[in-house]
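Under our numbering, the first residue of the sequence shown is numbered 218, with each subsequent residue one higher.
Notes to accompany the following structure.
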Amino acid sequence: MRTKVLYLLVLSFFLVFNQQLFAAEKPMPTDPFVVVLDAGHGGKDPGNMGNGYKEKDIALSIVLKVGKELERKGIKVVYTRSTDVFIPLMERGQIANDAEADLFVSVHCNAHSSQASGTETFVLGLNRNETNFEVAKRENSVIYMEEDYKVTYNGFDPNSPESFIGMTLMQEEYLNQSILLADLIQKKFTNDLKRKNRGVKEGALIVLHQTYMPSVLVEVGFLTNNSEGAFLNSTAGQNRMAGAIVDGILGYGDQINLSAIESISQSHPNVPKSESGVSIDGKPADYYEGIIFSVQLAAGSKKLETKSYNFKGLNGVFRKKEGKLYKYYLGETSSYIDIQKIHQKAISKGYPSSYIVAFKNGEKITVNEALKTNLN
218 MRTKVLYLLV
228 LSFFLVFNQQ
238 LFAAEKPMPT
248 DPFVVVLDAG
258 HGGKDPGNMG
268 NGYKEKDIAL
278 SIVLKVGKEL
288 ERKGIKVVYT
298 RSTDVFIPLM
308 ERGQIANDAE
318 ADLFVSVHCN
328 AHSSQASGTE
338 TFVLGLNRNE
348 TNFEVAKREN
358 SVIYMEEDYK
368 VTYNGFDPNS
378 PESFIGMTLM
388 QEEYLNQSIL
398 LADLIQKKFT
408 NDLKRKNRGV
418 KEGALIVLHQ
428 TYMPSVLVEV
438 GFLTNNSEGA
448 FLNSTAGQNR
458 MAGAIVDGIL
468 GYGDQINLSA
478 IESISQSHPN
488 VPKSESGVSI
498 DGKPADYYEG
508 IIFSVQLAAG
518 SKKLETKSYN
528 FKGLNGVFRK
538 KEGKLYKYYL
548 GETSSYIDIQ
558 KIHQKAISKG
568 YPSSYIVAFK
578 NGEKITVNEA
588 LKTNLN
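Quick look at the structure:
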């Protein structure tokens, strides 16, 4: 009996030990990639009613479809509204800030007195033309439905150009990332869905002004256009528009690489400094004196550990802080042939939007400038 008890104790010890050992080998989880989805208008604010369709309903339907697909991809989604309720513009931005979101995407439908059509995506910026001003004025006019809006928005008047001029660009540090996301979404609309491309535009939009992360406002089309309005009001149309927005967000995630990435349990050797042929003096035949080439994998406001499980199994990733952003690089070599091979490796590991960069004396220069230097 004692022997049996002793055997069970020993067996239990080894089972617990093995479980702890296995747990110790698992990488620390990364922070989830968070996207806040904002369905424009809602509740007492129907938005535009082109051709009898309700902007608030179509925007919500598209947003819920986008969110469902993003969640299926492992992305954390937060909604400013998931039902037909009225949410003040200030609160929408605050929801995103409280969630410490990586992205804010607001979905709307356009309107015009003509049969204008097409998609356009806005980033925060001062308006440069009358068309952009009219869009911003329409989307900002919802503040009139809020109590004490003059106090809440410090006297901001959507109908006054002077108010827009006084709007500070609080999102300046995120502007490049916002433009990147907007461009990716627009390309999906244009190339995949063959929608008319009205471009990426600047707009002094309050809902974008309140957020502290890359943010865009997507106008998915014109309800006032007979054909486009019917398309956007259909289930098939909403599915297709939602799919394009999802693809744009995922494309952004690939480039910025802040999404939760699968862990790699196998270790890999560091990327070699040189794989190309060498010249008589022992240096690579394509050696660029004083130049360091690297592959930029990602950039973002979050500081990630440069472990392989954060970068799809790639070892040798290093991080630099440039301005407000952390940038992540792979490889350091003065051989242009080598860096091309490293770039191909990055692409094969799931970084199709990575690109080669060059440094001279620690300062980033263009690759073209680097290639103009003399070969040794």
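Built from N, CA and C at the ideal position, the CB exists for glycine as well.
Residue i - DSSP class collapsed to helix/strand/coil
i	result
Glu580	strand
Asn487	Residue placement at Asn487 cannot be trusted, given a pLDDT of 32 that sits under 50; what the coordinates show is reported in the next sentence. Residue state, collapsed to three classes: coil.
Thr428	coil
His325	strand
Glu308	helix
Asn314	helix
Ser552	strand
Glu586	helix
Ser565	helix
Gly267	helix
Ser518	coil
Ser525	helix
Asp301	coil
Asp319	coil
Gly454	helix
Gly470	helix
Leu475	Its pLDDT being 40, under 50, Leu475 is placed unreliably in this model, and the value from its coordinates should be taken loosely. In this structure, Leu475 counts as coil in the three-state DSSP scheme.
Beta-bridge pairing of residue i - partner residues as DSSP gives them
i	result
Tyr296	Leu254
Gln513	Tyr546 and Tyr572
Asp464	Bridge partners of Asp464: none, in fact.
Gly420	Leu341
Asn414	Thr336
Val435	Val324 and Thr338
Gly259	Asp262
Other residues of its chain near residue i: CB distance less than 8 Å, five sequence neighbours each side excluded
i	result
Ser302	In the sequence as displayed, the identity of residue 302 is Val instead of Ser. The answer, listed in chain order, is Gly259 and Gly260.
Gln311	Gln427
Thr523	Val534, Phe535, Arg536 and Tyr545
Phe448	Gly438 and Gly454
Leu514	Asn474, Phe528, Leu531, Val534, Tyr545, Tyr546, Leu547, Ala563, Tyr568 and Ser571
Gly166	With the chain represented from 218 up to 593, any question about residue 166 goes unanswered, as that position is not in the structure.
Ala241	Note that Ala241 scores 34 on pLDDT, short of 50, meaning its location in the model is unreliable; the coordinates nonetheless yield the value given after this. Counting only Cβ-Cβ distances below 8 Å, and skipping sequence neighbours, we find nothing.
Ile556	Phe510, Ser511, Val512, Gly548, Thr550 and Ile573
Span of the alpha helix (DSSP H) around residue i
i	result
Val340	No alpha helix (DSSP H) contains Val340, which is instead part of the beta strand (DSSP E) from Thr336 to Leu341.
Lys273	Glu272 to Arg289
Asn393	Leu392 to Lys404
Residues of its chain near residue i, where Cβ-Cβ distance is below 7 Å and the 5 sequence neighbours each way are ignored
i	result
Lys405	Ala461, Asp464 and Gly465
Asn456	Lys282
Asn314	Thr428 and Tyr429
Asn268	Leu440, Thr441, Asn443 and Gly446
His329	Phe439 and Thr441
Glu580	none
Val368	Its pLDDT being 42, under 50, Val368 is placed unreliably in this model, and the coordinates cannot settle the point.
Leu287	Val252, Val294, Val463 and Ile466
Enclosing beta strand (DSSP E) for residue i [first to last residue]
i	result
Ser444	Not the beta strand (DSSP E): Ser444 falls in the alpha helix (DSSP H), residues Asn443 to Asn450.
Val534	Val534 to Glu539
Contacts around residue i, its chain only, beta-carbon distance under 6 Å, and the 5 residues preceding and following it disregarded
i	result
Val584	Ile573 and Ala575
Lys537	Lys544
Glu436	His325, Asn327 and Glu337
Leu320	Val252 and Pro431
Ala603	Examination of residue 603 is not possible in this model, given that the chain is present from 218 through 593 alone.
Leu521	Asn527
Ala333	Phe439
Gln394	Pro431
Ile279	Val324, Gln455, Met458 and Ala459
Asp255	Thr297, Arg309 and Ser323
Lys413	Ser334 and Gly335
Asp471	Ser570
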